[in-house]
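Working notes, beginning with the structure itself.
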């Protein structure tokens with residue numbers, strides 16, 4: 723299974739990349755392996771419980787096993803792989819504890835970001851970008867394009883950080899978002915799930931534009947609390963994807 727999955731969409735990275743005068747390409751083989759596997763896991767191209775061969779990945783990328791090990795460790799640190807010495811490495815199943823911890827941290831971060839956004843005058847360009855992002859989400863819903871909607875969701879939350887002059891915070895949000903993204907991908911396939919999220923996003927944007935801190939905190943808290951029902955539903959339909 724892993725061989726066919728890795729074969730699709732994978733790029734060969736063995737050749738040296740040209741460097742311009744005075745610059746240094748700091749990207750490593752481990753970075754490429756990590757990014758590829760992260761995207762495969764995050765998009766559920768590699769399902770929870772799937773075994774991953776260090777040897778096959780190294781052969782596919784035409785690299786030694788060391789950068790593959792480095793990528794595996796990074797993914798394990800993010801809770802996406804379970805690396806077991808002398809045993810197969812597997813895509814980690816969902817951990818309810820890890821998901822709840824990530825949601826708690828993310829709620830605390832985004833509530834503060836949105837409070838700041840309400841206190842920060844928005845320029846016309848950023849307002850336009852937020853409105854366009856909402857319209858693009860509506861289009862993705864009409865087209866039933868889950869992958870597109872998922873990307874736009876990232877863009878939306880990144881724009882909210884920009885609205886608060888807190889772009890740097892987005893990395894922390896992404897770090898915690900990774901724990902729940904796989905479940906979110908599954909939930910988006912359910913009827914009306916994307917519509918509900920777009921409605922949430924509209925309420926958040928309206929509250930930011932109105933500089934209403936109470937309304938925006940209420941909106942983001944409701945938005946993130948939807949995960950409880952999502953987890954319950956996914957646990958029923960995909961019990962084998964959970965650790966316990």
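Residue numbers (this note's numbering): 723 to 966.
All C-beta atoms, glycine included, are put in the ideal place defined by N, C-alpha and C.
Treat the numbers as computed from the prediction; the structure is a model and nothing was measured.
For residue i, is the classification buried or exposed, using 16 other Cβ atoms within 10 angstroms of its Cβ as the cut-off for buried?
i	result
residue 722	Given that the chain is displayed from residue 723 to residue 966, the structure contains no residue 722 and the question cannot be resolved.
residue 966	exposed
residue 950	exposed
residue 811	buried
residue 903	buried
residue 863	buried
residue 843	exposed
residue 745	Annotation note: pLDDT 41 at residue 745 (below 50); position unreliable, coordinate value reported separately. It is exposed - the Cβ of residue 745 has fewer than 16 other Cβ atoms within 10 Å.
residue 824	buried
Which of the three DSSP states is assigned to residue i in this structure?
i	result
residue 785	coil
residue 773	strand
residue 797	helix
So the beta strand (DSSP E) residue i belongs to, where does it begin and stop?
i	result
residue 829	Where residue 829 is concerned, there is no enclosing beta strand (DSSP E), although the alpha helix (DSSP H) it sits in stretches over 818 to 841.
residue 755	That residue, residue 755, is in no beta strand (DSSP E); its alpha helix (DSSP H) goes 751 to 764.
Measure the beta-carbon distance from residue i to residue j and round it to whole angstroms, keeping in mind my assumption that it falls under 8 angstroms.
i	j	result
residue 763	residue 813	6 angstroms
residue 828	residue 895	6 angstroms
residue 888	residue 835	6 angstroms
residue 938	residue 929	4 angstroms
residue 821	residue 901	5 angstroms
For residue i, which option in the options has the closest C-alpha, if you only look at C-alpha atoms?
i	options	result
residue 963	792, 817 and 779	817
residue 845	925, 952, 901 and 885	885
residue 832	891, 765, 748 and 897	891
residue 931	852, 779, 826 and 780	852
For the alpha helix (DSSP H) containing residue i, name the first residue and the last one.
i	result
residue 811	No alpha helix (DSSP H) holds residue 811; the beta strand (DSSP E) holding it covers 811 to 813.
residue 955	949 to 959
residue 894	892 to 910
residue 679	Examination of residue 679 is not possible in this model, given that the chain is present from 723 through 966 alone.
residue 845	Careful: residue 845 lies outside any alpha helix (DSSP H) and carries neither H nor E.
residue 866	Segment: none, residue 866 is in no alpha helix (DSSP H) and carries neither H nor E.
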